[in-house]
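One structure below.
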Amino acid sequence: SQTIHQWPATLVQPVGSPLSLECTVEGTSNPNLYWYRQAAGRGLQLLFYSVGIGQISSEVPQNLSASRPQDRQFILSSKKLLLSDSGFYLCAWIPSSGNTIYFGEGSWLTVV
Amino acid sequence: AQSVTQLGSHVSVSEGALVLLRCNYSSSVPPYLFWYVQYPNQGLQLLLKYTSAATLVKGINGFEAEFKKSETSFHLTKPSAHMSDAAEYFCAVSAPRGYNKLIFGAGTRLAVHP
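The listed protein sequences derive, respectively, from chains L and E.
Counting in this note's numbering, the first sequence runs from 1130 upward without gaps.
Counting in this note's numbering, the second sequence runs from 2 upward without gaps.
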């Protein structure tokens, strides 16, 4: 079966520190991969998506970056976190032949 | 380009009452439409989707939604609310070949009281 794993589930980081959130998908190949952010009391904002290894599209200018070193691995990073980076980050994927997006369990990031 | 508007950031109903969560979309091409539910501190779970087949779509947990092109709406309904339905609900739209950019509404938080 197809599953998505996202970690860490919770993270508290000081301002200016680096960030790495990792997401992997199992049971599929060549998925489209996504990073969304959900700030407190707000909807979901698409940050990045990837249609293949090394292919990253950014939806909004920001302090974050994404990488896809392997087909089923998607990493969200920052060199120096800002307070405004706090939020709930969701990794998601769509099968290469599908039209429905599936979400991971999310990662809570608090920047202090 | 696609966009979604969810009317009402908070909706409160009594247990057993009708649930109606509103979603209007804007799309330059025939859209695909989705409803997702998010329970506290969890990811999003697909409730139902419209992908140009039947306009009345039935989903999990007794929810359904009707695609109305003339009204550009995709409202979510459930005849009788349960306490367990309390969650946040998101409407989303994509273009059939452009679902790389699934666009979400701001969400509606549903409260169910006894």
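Glycine included, every Cβ here is placed at the ideal spot set by N, Cα and C.
How big is the Cα-Cα spacing for V1(E) and T109(E)?
This structure cannot speak to residue 1(E), because chain E is shown only from 2 to 115.
Taking the straight line between their C-alpha atoms, what separation do you get for Y40(E) and G1145(L)?
Between Y40(E) and G1145(L), the C-alpha separation is close to 31 Å.
For E1179(L) versus L1205(L), is the C-beta spacing smaller than 8 Å?
Looking at the sequence itself, residue 1179(L) is Ser, so the reference to Glu does not match. No.
Start and end of the beta strand (DSSP E) containing P1198(L)?
Counting along the chain, the beta strand (DSSP E) containing P1198(L) begins and ends at 1194–1199.
Taking just the CA atoms, how far does L1238(L) sit from T1139(L)?
Rounded to whole angstroms, T1139(L) to L1238(L) spans 6 Å at the Cα level.
Go through its chain and collect everything with a Cβ distance to D1200(L)'s Cβ below 7 Å, but skip five positions before and after it.
Excluding residues within five positions, the ones whose Cβ falls inside 7 Å are S1158, N1159, I1182.
Three or more C-beta pairs under 8 Å: does that hold for the segment 21–38 of chain E against the segment 81–100 of chain E?
Contact between the segment 21–38 of chain E and the segment 81–100 of chain E is present, because at least three Cβ pairs lie under 8 Å.
Can you check whether the C-beta of T1229(L) is within less than 8 Å of a C-beta belonging to chain E?
So, interface residue.
Identify the contact partners of Y33(E) in chain L, using a Cβ-Cβ distance below 8 Å as the criterion.
Per Cβ cutoff of 8 Å: N1228.
Around the C-beta of T56(E), are 16 or more other C-beta atoms found within 10 angstroms, so that it is buried, or is it exposed?
So T56(E) counts as exposed.
Any beta carbon of chain E sitting closer than 8 Å to that of G1216(L)?
Not an interface residue.
Alpha carbon to alpha carbon, what distance is there between V113(E) and S1091(L)?
Residue 1091(L) lies beyond the range of chain L shown here (1130 to 1241); nothing can be said about it.
Below 7 Å CB to CB, which residues in the same chain sit around Q46(E) once its five sequence neighbours on both sides are set aside?
So the qualifying residues of the chain are Y37, V38.
Determine, using beta carbons only, whether H76(E) and A66(E) come nearer to each other than 8 Å.
Yes, Cβ-Cβ distance for H76(E) and A66(E) is below 8 Å.
So is F64(E) in contact with chain L if we call contact Cβ pairs under 8 Å?
Closer than 8 Å: no.
Could you compute how far the alpha carbon of N1228(L) sits from the alpha carbon of G60(E)?
If I take the Cα positions, the gap works out to 16 Å.
Can you have a look at A2(E) and say buried or exposed, based on whether 16 or more other CB atoms are within 10 angstroms of its CB?
Exposed, because fewer than 16 other Cβ atoms sit within 10 Å of the Cβ of A2(E).
Would you list the one or two residues that DSSP bridges to Q39(E)?
The partner list for Q39(E) (beta bridge, DSSP) reads L45(E), E89(E).
Which complete beta strand (DSSP E) runs does the segment 1135–1223 of chain L hold, if anything under 3 residues is left out?
Here the runs fully enclosed are 1139–1142, 1148–1155, 1161–1167, 1173–1181, 1184–1187, 1194–1199, 1202–1207, 1216–1223.
Hey, would you say I1185(L) sits closer than 8 Å to V1154(L), going by beta carbons?
It is not a contact, given that the beta carbons lie outside the stated cut-off.
List the residues of chain E that E1234(L) touches, going by C-beta distances under 7 Å, in chain order.
Neighbours of E1234(L) on chain E, chain order: Q43, G44.
Determine the closest residue to I104(E) out of F1217(L), L1175(L), C1152(L), with distance taken between C-alpha atoms.
It is L1175(L).
Since Q7(E) is in the beta strand (DSSP E), which residue starts that stretch and which ends it?
Run containing Q7(E): 4–8, per the beta strand (DSSP E) assignment.
Does the beta-carbon of Q1135(L) have 16 or more other beta-carbons within 10 angstroms, so that it is buried, or is it exposed?
Flag for Q1135(L) reads buried.
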